[in-house]
Amino acid sequence: GQGSGLEYFVADGTDLQKHFRGGGGGGYFELAVDKGTIDAVMSDSGQANMQAMCREIMALLKPNGSFVIISSIPPEHYAPLLIPFTFDPRDLGVHQFTRLDGESNA
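Numbered according to my numbering, the sequence shown spans residues 485 to 590.
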């Protein structure tokens with residue numbers, strides 16, 4: 485809304501850096517949140533585009549920034565693909581939540 489400081493735009497997730505700081509360089513975001521985009525990319529165009537999207541997002545994160553993925557795909561299908569984008573594999577945390585009725589959401 486007005487005065488919120490938020491900007492909205494449509495862009496190719498595999499080519500985001502050109503929209504920030506004149507086409508390159510990191511340190512733009514403290515937090516990136518994906519809600520279903522990786523699911524759609526992996527089902528449509530596979531691992532190559534998913535990794536390209538993750539590479540762009542990671543390049544735009546500030547040091548110690550976070551990339552949160554909310555996905556219906558079980559983490560074992562995409563988490564190994566994220567390891568190249570972490571400085572230390574221990575930085576990759578996967579949290580799977582259970583519904584109140586005891587069934588898994590993944």
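Just so it is clear, CB atoms sit at the ideal spot from N, CA and C, and this is done for glycine as well.
Treat the numbers as computed from the prediction; the structure is a model and nothing was measured.
Using a Cβ-Cβ cut-off of 7 Å (strictly less than) and excluding sequence neighbours within five positions of residue i, which residues of its own chain qualify?
| i | result |
| --- | --- |
| I553 | D518, I522 |
| L545 | G510, F513, A516, F551 |
| C538 | L566, F569 |
| M542 | F551, F569 |
Exposed or buried, which one is residue i when buried takes at least 16 other CB atoms within 10 Å?
| i | result |
| --- | --- |
| E540 | buried |
| A532 | exposed |
| G489 | exposed |
Using C-beta distances below 6 Å, list every residue in its chain close to residue i, excluding the 5 sequence neighbours before and after it, in chain order.
| i | result |
| --- | --- |
| A536 | T498 |
With a threshold of 8 Å on Cβ separation, who are the neighbours of residue i within its own chain once the five nearest residues in sequence on each side are excluded?
| i | result |
| --- | --- |
| Y562 | I522, M526, M534, I553, S555 |
| G507 | Per-residue confidence for G507 stands at a pLDDT of 49, beneath the threshold of 50, marking its modelled position as unreliable; the derived number appears in the next sentence. If we look at G507 and ignore the five residues flanking it on each side, its Cβ neighbours are Q501. |
Could you tell me which residues DSSP puts in a beta bridge with residue i?
| i | result |
| --- | --- |
| S550 | L515 |
| L545 | F513 |
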